[in-house]
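A.B. asks: All residue numbers in the sequence shown are consecutive under this note's numbering, ending with 259.
Built from N, CA and C at the ideal position, the CB exists for glycine as well.
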Amino acid sequence: MACVNASTLLVLGPNAWFLLAVMLLLAAVVWRWALGRSPFQLVTAGARALAQLSAVALIIAWLSQHTALSFSFVAFMFVMAVWTSGHRVAPSGRWWMAAIPLAAAVAPMAALMFAFGVLPFNALAIIAVLGQQIGGAMSAVTLSGRRIRDELHLRHGETEAAVALGFRWPTARFMVGLPVAGEAVLPAVDQTRTAGLVTLPGAFVGMILGGAAPLDAGMIQLLVLISLLFVNSTAAAMTLWLSTLAAWDRPRSVAV
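(1) List the whole-angstrom C-beta distance separating valine 227 from valine 132, where the pair is believed to meet the contact cut-off of C-beta under 8 Å.
(2) In the DSSP assignment, find the alpha helix (DSSP H) that holds valine 77 and state where it starts and stops.
(3) Please work out which residues of its chain come closer than 6 Å, Cβ to Cβ, to leucine 146, disregarding the five sequence neighbours upstream and downstream, and give them in chain order.
(4) Express the C-alpha separation of alanine 143 and glutamate 163 in angstroms, rounding to a whole number.
(5) Go through its chain and collect everything with a Cβ distance to arginine 176's Cβ below 7 Å, but skip five positions before and after it.
(6) Provide the residue span of the alpha helix (DSSP H) that contains aspartate 252, from first to last.
(7) Are the CB atoms of isoleucine 137 and serine 73 within a distance shorter than 7 Å?
(8) If you reduce the DSSP assignment to three classes, tell me which class alanine 239 lands in.
(9) Quick check on DSSP: helix, strand or coil for alanine 198?
(10) Going by DSSP in three states, valine 46 sits in which element: helix, strand or coil?
(11) To the nearest angstrom, report how far apart alanine 167 and alanine 93 are at their CA atoms.
(12) Does DSSP classify glycine 180 as helix, strand or coil?
(13) Name the two residues that bound the continuous alpha helix (DSSP H) containing asparagine 18.
(14) Could you tell me whether the region 227 to 246 touches the region 99 to 114, where touching means 3 or more Cβ pairs closer than 8 Å?
(15) What did DSSP end up calling proline 123 once you bin it into helix, strand or coil?
(16) Mind checking tryptophan 251: buried by the 16 CB within 10 Å criterion, or exposed?
(17) Excluding five sequence neighbours on each side, which residues of the same chain lie with their C-beta closer than 8 Å to the C-beta of glycine 134?
(18) Leaving out five residues on either side along the sequence, give the residues of the same chain with a beta carbon under 7 Å from the beta carbon of glycine 180.
(19) Quick one: give me the first and last residue of the alpha helix (DSSP H) that methionine 112 is part of.
(20) With C-beta atoms as the reference, is methionine 112 less than 7 Å away from valine 234?
(21) Report the rounded CA-to-CA distance for glycine 148 versus tryptophan 86, giving the unit in angstroms.
Next comes the structure, spelled out in structure tokens:
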């Protein structure tokens with residue numbers, strides 16, 4: 004009987020590298036011919052992911068021996084998340100405002116996890132958990148910010164009508180943006196609701212394959228999923244608040 008490799012979920016080797024190229028090519032083809040986008044966007048994204056993950060793996064291996072410096076790496080991830088989401092929401096505006104919803108979402112949850120002793124002062128744990136939270140907040144800011152921005156543009160007449168009736172601009176924008184702001188949190192809600200039924204989260208599977216007790220692996224994954232519900236909800240709420248104040252726009256004659 005062939006020996007089964009129990010140390011990893013996927014079999015790595017030359018075939019894995021060839022499969023990566025095939026998958027990226029197929030994705031680029033669909034991106035171009037079905038969605039009308041430039042295939043170079045996906046090819047560039049794949050190449051960047053390869054280079055970045057290789058570098059990050061080496062950095063994290065080094066940081067595992069320097070716990071205090073792990074916060075510097077987390078700060079770098081935060082800056083990159085601000086840059087990424089900010090330029091998606093306000094490419095020609097105040098993109099740096101994305102730091103507000105990101106910080107408001109991640110900082111309180113990180114503080115709670117440290118305060119309760121759930122998140123240990125360990126470099127790998129800090130980078131893994133806070134990295135997931137920053138990534139979740141980044142996605143929420145991007146999705147909610149773009150969705151609110153488009154809704155305010157499409158329904159600008161309703162906003163003006165509300166102002167004409169006596170509402171202030173922030174209130175009028177809030178009434179238009181509120182129904183769509185929460186849509187950015189739905190993926191996290193669905194992932195939490197269907198955990199163990201539709202998908203097995205990667206951290207859960209990885210811990211079990213690494214030898215952790217199933218109940219311990221489940222509890223850790225549950226902590227991550229629930230924390231992301233708070234992080235994503237807070238990020239979307241703060242993004243809505245910034246949008247109602249027109250805070251993403253560069254200074255100009257905007258009534259507030």
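C.D. replies: Reading from the atomic positions:
(1) The count along the sequence shown starts at 1 and reaches residue 227 at position 224. The count along the sequence shown starts at 1 and reaches residue 132 at position 129. So it is a contact: roughly 7 Å between Cβ atoms.
(2) Against the sequence shown, residue 77 aligns to sequence position 74. Per DSSP, valine 77 belongs to the alpha helix (DSSP H) from 73 to 92.
(3) To locate residue 146, count along the sequence shown from 1; it is residue 143. Excluding positions up to five away in sequence, the list reads Ala187.
(4) What you label residue 163 is simply residue 160 of the sequence shown in a count that begins at 1. What you label residue 143 is simply residue 140 of the sequence shown in a count that begins at 1. Taking the straight line joining both Cα atoms gives about 27 Å.
(5) The count along the sequence shown starts at 1 and reaches residue 176 at position 173. If we look at arginine 176 and ignore the five residues flanking it on each side, its Cβ neighbours are Leu155, Thr162, Ser246, Thr247.
(6) The sequence position of residue 252 within the sequence shown is 249, counting from 1. Careful: aspartate 252 lies outside any alpha helix (DSSP H) and carries neither H nor E.
(7) By 1-based counting over the sequence shown, the position of residue 73 is 70. By 1-based counting over the sequence shown, the position of residue 137 is 134. No, the Cβ-Cβ distance between serine 73 and isoleucine 137 is not below 7 Å.
(8) Residue 239 sits at position 236 when you count from the first residue of the sequence shown. Of the three classes helix, strand and coil, the one that applies to alanine 239 here is helix, per DSSP.
(9) Indexing the sequence shown from 1 puts residue 198 at position 195. Strand.
(10) Within the sequence shown, numbered from 1, the residue matching residue 46 stands at position 43. Three-state result, valine 46: helix.
(11) Mapped onto the sequence shown, residue 167 falls at position 164. Mapped onto the sequence shown, residue 93 falls at position 90. Approximately 27 Å between the Cα atoms of the pair.
(12) Here residue 180 corresponds to residue number 177 of the sequence shown, with the count starting at 1. Note: glycine 180 maps to helix in three-state DSSP.
(13) In the sequence shown, the residue the question calls residue 18 occupies position 15. Unbroken alpha helix (DSSP H) run through asparagine 18: 17 to 36.
(14) yes
(15) By one-based count along the sequence shown, residue 123 stands at place 120. Note: proline 123 maps to coil in three-state DSSP.
(16) For this step, residue 251 is matched to residue 248 along the sequence shown. So tryptophan 251 ends up on the buried side.
(17) Translated into the one-based positions of the sequence shown, residue 134 becomes position 131. Around glycine 134: Val77, Met80.
(18) In the sequence shown, counting from the first residue as 1, residue 180 sits at position 177. Cβ within range, chain order: Ile151, Glu154, Leu155, Leu243, Ser246, Thr247.
(19) By 1-based counting over the sequence shown, the position of residue 112 is 109. Element bounds for methionine 112: 102 to 118.
(20) Looking up residue 112 in the sequence shown gives position 109. Looking up residue 234 in the sequence shown gives position 231. Yes; because the gap between Cβ atoms is below 7 Å, this pair is in contact.
(21) The sequence position of residue 148 within the sequence shown is 145, counting from 1. The sequence position of residue 86 within the sequence shown is 83, counting from 1. Each residue's Cα considered, the two are about 14 Å apart.
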